[in-house]
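Student:
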Amino acid sequence: MHIGPYPLANNVFVAPMAGVTDRPFRQLCRAFGAGYAVSEMVTSRRELWNSLKTSRRANHEGEPGPVAVQIAGTEAAMMAEAAAYNIERGAQIIDINMGCPAKKVCNKWAGSALMQDEPLALAIAQAVVRACEPHGVPVTLKMRTGWSQSHRNAVALARAFEGAGVRMLTVHGRTREQGYGGEAEYEMIAAVKDAVRIPVVANGDITSPEKARAVLAATGADAVMVGRAAQGRPWIFREIVHFLATGAHLAPPLVAEVRRALLAHLQDHYALYGEFTGVRSARKHIGWYVRSLPGGEAFRTEMNAIEDSAAQLLAVQRFFDALAARMDRLPAGAAAQEERLGEVFE
Ligand SMILES: Cc1cc2nc3c(=O)[nH]c(=O)nc-3n(C[C@H](O)[C@H](O)[C@H](O)COP(=O)(O)O)c2cc1C
30 MHIGPYPLAN NVFVAPMAGV TDRPFRQLCR AFGAGYAVSE MVTSRRELWN SLKTSRRANH
90 EGEPGPVAVQ IAGTEAAMMA EAAAYNIERG AQIIDINMGC PAKKVCNKWA GSALMQDEPL
150 ALAIAQAVVR ACEPHGVPVT LKMRTGWSQS HRNAVALARA FEGAGVRMLT VHGRTREQGY
210 GGEAEYEMIA AVKDAVRIPV VANGDITSPE KARAVLAATG ADAVMVGRAA QGRPWIFREI
270 VHFLATGAHL APPLVAEVRR ALLAHLQDHY ALYGEFTGVR SARKHIGWYV RSLPGGEAFR
330 TEMNAIEDSA AQLLAVQRFF DALAARMDRL PAGAAAQEER LGEVFE
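Last residue of the sequence shown: 375 (my numbering), numbering continuous.
Structure (structure tokens):
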């Protein structure tokens with residue numbers, strides 16, 4: 030599979046998640062087999078580009094290509110400017126966010142709220158494509174199935190976006206109104222796939238290799254994108270890739286491998302965020318890794334009270350050393366995520 034000139038290693042992608050898929054986490058997912066990763070969304074509001082938050086989100090140091098940056102906003106001209114700005118800073122693919130339901134985005138009529146205003150949504154896609162074309166940068170777009178149950182307009186929009194020059198569409202199988210509730214439905218993704226010739230990526234509630242295979246079969250999509258199920262379980266990508274290729278399951282990861290990956294993830298995380306913020310924002314990641322492991326809940330409570338990185342690393346080492354004394358590999362299905370897919374938007 031390709032996006033514009035860029036060949037991708039496979040068709041299992043990590044979803045953009047603000048506050049989660051920062052550069053360290055994206056790199057980890059890629060190392061564990063994700064074929065492609067898009068950054069957390071970057072605002073199109075120029076006055077925020079120099080903020081610490083935006084500059085961290087625009088950090089792609091050492092990231093394997095193609096570097097894809099997602100932009101969010103409400104005005105075509107600003108979105109075009111944001112695209113150009115990110116291309117100057119190394120973006121090789123620009124992704125437009127029309128999928129995000131968060132109030133702080135939607136109150137400003139961005140994210141999935143744009144699906145309610147088709148002319149504006151199209152104007153944004155056209156303006157961003159115009160801004161990217163001279164640089165040879167492909168534009169992709171992520172959306173939901175529609176605004177509400179009675180306004181599921183993904184098919185009409187998909188055709189319009191394809192006409193505007195968008196090169197790949199990701200569809201999360203929920204409406205804006207649904208937030209993260211209910212179950213993702215895949216019929217509308219299949220309808221989008223039938224309606225366009227550009228690659229379509231299916232997203233929503235993919236939590237296991239079997240589910241990935243079923244969603245690919247049900248939608249005919251070219252790829253799947255995994256979000257929440259990768260939290261604390263970045264090896265899900267190699268599990269899915271292996272299962273899609275062979276029909277067989279990989280063994281769960283060795284405890285020693287998870288320990289090593291998490292410690293490296295934490296070092297990378299502290300390096301990006303610094304000691305104070307890094308220790309605090311690492312807690313959610315550590316919590317996701319250990320949540321379904323024996324003793325994980327008690328460890329989380331203890332770990333959440335730790336305030337410096339050296340002690341946090343030591344606590345994680347001790348937890349995994351104790352686990353390694355009891356078992357070689359994570360228990361099969363230990364990180365089954367179904368029960369964890371709640372509303373966790375930052
Ligand atoms: C914490 C969090 C942050 C998210 N941030 C973004 C974002 O920045 N851009 C975006 O397009 N979608 C965002 N999403 C939506 C995900 O990309 C994905 O569409 C959604 O979680 C459904 O996939 P899943 O069921 O595999 O999690 C976010 C989701 C979560 C849970």
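Ideal placement from N, C-alpha and C gives every residue a C-beta, glycine not left out.
Using a Cβ-Cβ cut-off of 9 Å, state whether residue 40 counts as contacting chain D.
Tutor: No chain D is present in this structure, which holds just one protein chain.
Student: At a cut-off of 8 Å, is residue 128 close to ligand 1 when judged by its beta-carbon and the heavy atoms of the ligand?
Tutor: Yes; taking the cut-off as 8 Å, the Cβ of residue 128 has a heavy atom of ligand 1 nearer than that.
Student: If we require 3 or more residues per run, which beta strand (DSSP E) segments fall completely within the region 131 to 203?
Tutor: DSSP runs (the beta strand (DSSP E)) wholly in the region 131 to 203: 168 to 175.
Student: So, with DSSP's three-state summary, where would you put residue 320?
Tutor: Note: residue 320 maps to coil in three-state DSSP.
Student: On the criterion of 16 or more Cβ atoms from any shown chain inside 10 Å, does residue 51 qualify as buried, or is it exposed?
Tutor: Buried, by the Cβ-count rule.
Student: Out of curiosity, what's the CA-to-CA distance linking residue 220 and residue 109?
Tutor: Taking the straight line from one Cα to the other gives about 29 Å.
Student: From the DSSP output, read off the bridge partner residues of residue 277.
Tutor: DSSP lists no partner for residue 277.
Student: Would residue 57 be called buried (16 or more neighbouring beta carbons within 10 Å of its own) or exposed?
Tutor: So residue 57 counts as buried.
Student: How do the region 328 to 345 and the region 267 to 284 stand: do at least 3 beta-carbon pairs fall below 8 Å, yes or no?
Tutor: The region 328 to 345 is not in contact with the region 267 to 284.
Student: In angstroms, rounded to a whole number, what distance separates the CA positions of residue 226 and residue 187?
Tutor: Spanning the two alpha carbons is a distance of roughly 10 Å.
Student: On the criterion of 16 or more Cβ atoms from any shown chain inside 10 Å, does residue 46 qualify as buried, or is it exposed?
Tutor: Flag for residue 46 reads buried.
Student: Rounded to a whole number of angstroms, what is the C-alpha to C-alpha distance between residue 71 and residue 354?
Tutor: Going by the C-alpha atoms only, they are around 43 Å apart.
Student: Any heavy atom of ligand 1 inside 8 Å of the beta-carbon of residue 244?
Tutor: Not under cutoff, so the answer is no.
Student: Name the residue from 122, 183, 95 whose alpha carbon lies nearest to the alpha carbon of residue 222.
Tutor: Residue 222 has its Cα closest to that of 183, out of 122, 183, 95.
Student: Say the cut is 8 Å; is the CB of residue 402 nearer than that to a heavy atom of ligand 1?
Tutor: Because the chain spans 30 through 375 in this model, residue 402 falls outside it and cannot be assessed.
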